[in-house]
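Trainee: Take a look at this one; I'll ask things after.
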Amino acid sequence: MIIKALIGDREIDLQLRPGDGLPTLSVAGRQADMDLAQVSDYSWSLLIDGQSHYLSIRPSREGYQVLLREQTYQVRLQSEMDLAMEKLGLRRGTAAEAGTVQAPIPGLIGAIQVSEGDAVEAGDILLVLEAMKMENELPAPLSGVVEKIHVTRGEIVEKGAVLVVISAAREG
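Written out as C-alpha cells, the structure is:
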C-alpha cells in the first residue's frame, strides 16, 4: 500500500508491505521494520529498526497532529486512491458534501457518540473508527444537526464509506 504523508510543506512517500510478523515500511526507498503499540488514548510507542520513539497522535481537522521529540507536526495522509483522484484533477469535499463524514481509512466502528437528531458543534466527536491498532476519533466538520447515521457499532467499513451526515445549522 502506498501512502503519501504531507508534513508541513514536505511530502514523504511511504510504502507499507506486510512482512514476517512486522510490517515493512519503505520511506524514500529505505526499508525499515516497524511496530506500533498504543500506550494510552493518544500515546503510542513506535519501534523502527529496533529504535523506540514516543508519539502522541491526535486527529485534527486537516489530518493528524503528531508530537515527536517535543516537536508538533501537522500530518495529512493520502492513499493511492486520493493520489489518483488528485492526478486526474478530482477533489473531494465540495461545499455540498461539507456535512458528510466519510471513513478516512478502512476500519471497525468502535463507538458512536451521537444519535440522529442531536445538535453538534464543529469538532465534537461523532464516532470512533478503529484501524491499525489506533482509535481515530472522527469530529463533526461543521455545526448542525445529525441528519443520518449510516453505520452501527461493530461494523467494518471501507475507506470513503459515508458514516454520518450533518445538516448545517441555520443562521437566524
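Counting from 1338, one number per residue, gives the positions in the sequence shown under the working numbering.
Yeah, the Cβ is synthetic: ideal placement off N, Cα and C, and Gly gets one too.
#1: Go ahead and pull the three-state DSSP assignment for leucine 1479.
#2: Below 8 Å CB to CB, which residues in the same chain sit around valine 1482 once its five sequence neighbours on both sides are set aside?
#3: Could you tell me how far apart the beta carbons of leucine 1420 and lysine 1341 are, in whole angstroms, since I believe they sit closer than 8 Å?
#4: Straight-line CA distance for leucine 1475 to valine 1376?
#5: Could you check what DSSP says for methionine 1418 in three-state terms: helix, strand or coil?
#6: Between which residues of its own chain and isoleucine 1378 is the CB-CB distance below 8 Å, once the five residues before and five after are set aside?
#7: For leucine 1500 and glutamine 1439, what's the separation of their Cα atoms in angstroms?
#8: Leaving out five residues before and five after proline 1443 in sequence, what residues of the same chain have Cβ atoms less than 7 Å from its Cβ?
#9: Taking only three categories from DSSP, how would you classify lysine 1521?
#10: Between which residues of its own chain and alanine 1459 is the CB-CB distance below 7 Å, once the five residues before and five after are set aside?
#11: Out of curiosity, what's the CA-to-CA distance linking glycine 1491 and serine 1382?
#12: Check each candidate in Ile1344, Val1488, Glu1484 and Val1465 and name the one with the smallest Cα separation from arginine 1413.
Mentor: Once the coordinates are examined:
#1: Looking up residue 1479 in the sequence shown gives position 142. Three-state DSSP puts leucine 1479 in coil, outside helix and strand.
#2: Here the question's residue 1482 lines up with position 145 in the sequence shown. Gly1454, Asp1455, Ala1456, Val1457, Ile1503, Ser1504 and Ala1506, listed in sequence order.
#3: Position 83 of the sequence shown, counted from the first residue, corresponds to residue 1420. Position 4 of the sequence shown, counted from the first residue, corresponds to residue 1341. Contact flag correct, Cβ pair sits at about 6 Å.
#4: Locating residue 1475 in the sequence shown gives position 138, where the first residue counts as 1. Locating residue 1376 in the sequence shown gives position 39, where the first residue counts as 1. Straight-line Cα distance between these residues: approximately 20 Å.
#5: As a working mapping, residue 1418 is identified with position 81 in the sequence shown. Of the three classes helix, strand and coil, the one that applies to methionine 1418 here is helix, per DSSP.
#6: Mapped onto the sequence shown, residue 1378 falls at position 41. A small correction: the amino acid at residue 1378 is aspartate; isoleucine does not occupy that position in the sequence shown. Glu1472.
#7: Counted from its first residue, the sequence shown places residue 1500 at position 163. Counted from its first residue, the sequence shown places residue 1439 at position 102. Distance between the alpha carbons of leucine 1500 and glutamine 1439 is about 5 Å.
#8: Taking the sequence shown and counting its residues from 1, the one referred to as residue 1443 is at position 106. Taken in chain order, the residues that qualify are Ala1468, Val1494, Glu1495 and Lys1496.
#9: Examination of residue 1521 is not possible in this model, given that the chain is present from 1338 through 1509 alone.
#10: For the purposes of this step, residue 1459 is taken as the residue at position 122 of the sequence shown. Sequence-distant Cβ neighbours of alanine 1459 in its own chain, meaning closer than 7 Å and more than five residues away, are Ala1477, Pro1478, Leu1479 and Ser1480.
#11: The residue you call residue 1491 lines up with position 154 of the sequence shown. The residue you call residue 1382 lines up with position 45 of the sequence shown. Approximately 26 Å between the Cα atoms of the pair.
#12: Residue 1413 sits at position 76 when you count from the first residue of the sequence shown. For the residues Ile1344, Val1488, Glu1484 and Val1465, the minimum Cα distance to arginine 1413 belongs to Ile1344.
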